[in-house]
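Every number in this note's numbering is 1 more than the matching position in the sequence shown, counting from 1.
Take a look at the structure set out below.
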Amino acid sequence: MGQEAREQAPRPFAVVYEIGDREDCEVAAYGLAFPDRAETTAVDDGHHTRSGSVEHALALYARFAAAENLRAHLVWLDGDAGGGAVAQDLASSSRNA
């Protein structure tokens with residue numbers, strides 16, 4: 002049972018805002034990627050979202066602070082990228098685009 006549960010578990014990720022030109026960052030939300038959707042919970046207010054994909058979730062957070070000089074990055078937290086929990090940025094989106 003444990004192996005089956007692990008195989009079917011959603012993949013954890015974070016949406017991280019890059020502040021300035023790699024000056025600083027903050028975690029905006031944590032999420033779970035399911036085969037048919039992505040669900041996120043915002044760090045600051047606990048707001049819950051459900052999107053059709055991880056990419057759509059990232060695009061949503063990229064729009065939340067459109068007036069800010071931030072970039073949104075998707076960071077996988079399960080270590081599958083090799084070498085660490087935050088080893089891979091899958092996508093980024095300019096907030097001012």
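Backbone N, C-alpha and C define an ideal beta-carbon position, used for all residues, glycine too.
May I ask you to report which of helix, strand or coil DSSP gives H48?
coil
Considering only the alpha carbon of each residue, which of G80, Y62, A34, A10 lies closest to V28?
Y62
Bounding residues of the beta strand (DSSP E) (the contiguous stretch that carries R64)
Note, R64: premise wrong, no beta strand (DSSP E); alpha helix (DSSP H) at 55-65.
Roughly how far, in whole angstroms, is the beta-carbon of S52 from the beta-carbon of A39, given that I think they are within contact range, below 8 angstroms?
5 angstroms
Please identify the residue among G21, T50, H49, G32 whose C-alpha is closest to the C-alpha of F14.
G32
So L78 and V16 are supposed to be a Cβ contact under 8 angstroms. How far apart are they, rounded?
No, L78 and V16 are not in contact; Cβ-Cβ is about 11 angstroms, not under 8 angstroms.
Quick one: what's got a C-beta closer than 7 angstroms to P11's C-beta in the same chain, skipping five residues either side?
Once the five neighbours on either side are set aside, the close Cβ partners of P11 are L33, A34, F35.
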